[in-house]
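Final position of the sequence shown in my numbering is 325; the numbers increase by one with none missing. Note that the Cβ used here is the ideal one computed from N, Cα and C, for glycine as well. Below you'll find the structure, written out as structure tokens, and then a few comments.
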Amino acid sequence: MTIAATEEAVHVRAPGKINLFMRVGGVQADGYHDVATAYQAVSLYEDVRAWPSDEFSVAFGGSIDTSGLPTDRSNLAIKAAKLLARSAGVPGGVHLEIEKHVPIAGGMGGGSADAAATLVACDALWGTGLAKEELHALAAQLGADVPFALSGGTAIGTGRGDQLSAALATGSFHWVLAVAEFGLSTPAVYQELDRQRASRLGLVSNEAPVVDAAVLQALRAGDARRLAESLHNDLEAAALSLAPGLGGILELGTSHGALAGIVSGSGPTVAFLVDDTDSALELQVALSAARLHAVHVHGAVHGARIVSG
17 MTIAATEEAV HVRAPGKINL FMRVGGVQAD GYHDVATAYQ AVSLYEDVRA
67 WPSDEFSVAF GGSIDTSGLP TDRSNLAIKA AKLLARSAGV PGGVHLEIEK
117 HVPIAGGMGG GSADAAATLV ACDALWGTGL AKEELHALAA QLGADVPFAL
167 SGGTAIGTGR GDQLSAALAT GSFHWVLAVA EFGLSTPAVY QELDRQRASR
217 LGLVSNEAPV VDAAVLQALR AGDARRLAES LHNDLEAAAL SLAPGLGGIL
267 ELGTSHGALA GIVSGSGPTV AFLVDDTDSA LELQVALSAA RLHAVHVHGA
317 VHGARIVSG
């Protein structure tokens, strides 16, 4: 990856996320589902650097294999840059270099973090000076998880997940991620959920889904054990159906001291909640011994922020 003249670059860092709780409503007329989710931003980051350019381009590096990622206009970061340029009347382009650490198609919002970081980086690079609300409105046009990657912290997402309200969370929560060597398509997981529900004669409430009060209480108390009892993901059964090996990973984690395990979002990343740093280390060793890629992270952390520029 060629590095351009760093003195002109804006460097922004944005976090991946875990869905601590996810309830999925029925499929809507537009093909999407209403959801109610509790997001937590965690300390696994994407780094985006932006340089002035006449064109829009993106290159990738980082700790994971990015060879399958598109670098054309279908890339979400390119879409974010073009959307901001169009909205703010910016005539030029941008060259983006993205250092990826969040798993690709892993249910942790890596692409959304790239898009959020790009919005912040280009806003600074071009001096467009958009208000926070304006950036969030653009983020919502790009994807359900992009607004949360902008704001970070811990939040409740409703609608498609893009209507955010802050969740009061105290203390720090420790997680060990079992990162799969493959990805799962989010639309495929939702389709499998719909298929499973149809085969059970559609046991779906017409009411808008909500996040259980027990989740909010556990977050407010900063109590990992109470939160462990409240973790839930409606998409988990669908992800397990498409990737049955995840079941064994969940069992392995809970048998080695995790308070609870959950498939994050549409998967296949499995997030294990643990008591503290020592427990995280023990679990990380156990998962690594089983030849799994295990990462210790903590949350909540802030959303997309300028590092330099």
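Within the same chain, Cβ atoms closer than 6 Å to the Cβ of Ala276 are found at Ala244, Leu247, Leu289, the five residues on either side in sequence being excluded.
For the set Gly109, Ser188, Leu303, the Cα lying nearest the Cα of Glu267 is the one of Leu303. For Leu258, the three-state secondary structure derived from DSSP is helix.
With a cutoff of 8 Å on beta-carbon distance, Val323 and Arg29 are scored as near each other. A Cβ-Cβ separation of about 28 Å leaves Glu298 out of contact with His318 under the 8 Å criterion. The count of Cβ pairs closer than 8 Å, one atom from the stretch 248-255 and one from the stretch 79-92, stays below three, leaving the stretches out of contact. As far as DSSP is concerned, Trp142 takes part in no beta bridge. In the structure shown, the three-state DSSP call for Val231 is helix. For Ala224, the closest of Trp67, Leu36, Asn35, Asp50 by C-alpha to C-alpha distance is Asp50.
DSSP places Tyr55 in the strand class (E or B) of the three-state scheme.
Using a Cβ distance threshold of 8 Å, Ala25 and Arg89 do not count as a contacting pair. For the options Thr174, Glu113, Leu180, the alpha carbon positioned closest to that of Ala131 is the one of Glu113. Unbroken beta strand (DSSP E) runs of no fewer than 3 residues, entirely contained in the stretch 125-210, are found at 170-174, 179-182, 189-195, following chain order.
A distance below 6 Å between beta-carbons, with the five flanking residues on each side excluded, links Ile34 to the following residues of its chain, in chain order: Gln56, Val58, Ser280, Ala287. Residue pairing from DSSP places Ser324 in a beta bridge opposite His27. With contact defined as three or more Cβ pairs closer than 8 Å, the stretch 137-150 and the stretch 116-123 are not in contact. With a cutoff of 8 Å on beta-carbon distance, Phe189 and Ala240 are scored as near each other. Counted as a single uninterrupted DSSP element, the alpha helix (DSSP H) harbouring Ile94 occupies residues 92-104. Under the three-state reduction of DSSP output, Ala316 falls in the coil class, being neither helix nor strand. Under the 10 Å beta carbon count, Ala306 is surrounded by fewer than 16 other beta carbons and is classified as exposed. The DSSP-derived three-state label of Ser69 is strand.
Residue range 109-116 is occupied by the beta strand (DSSP E) that includes Leu112, with no alpha helix (DSSP H) assigned at that position.
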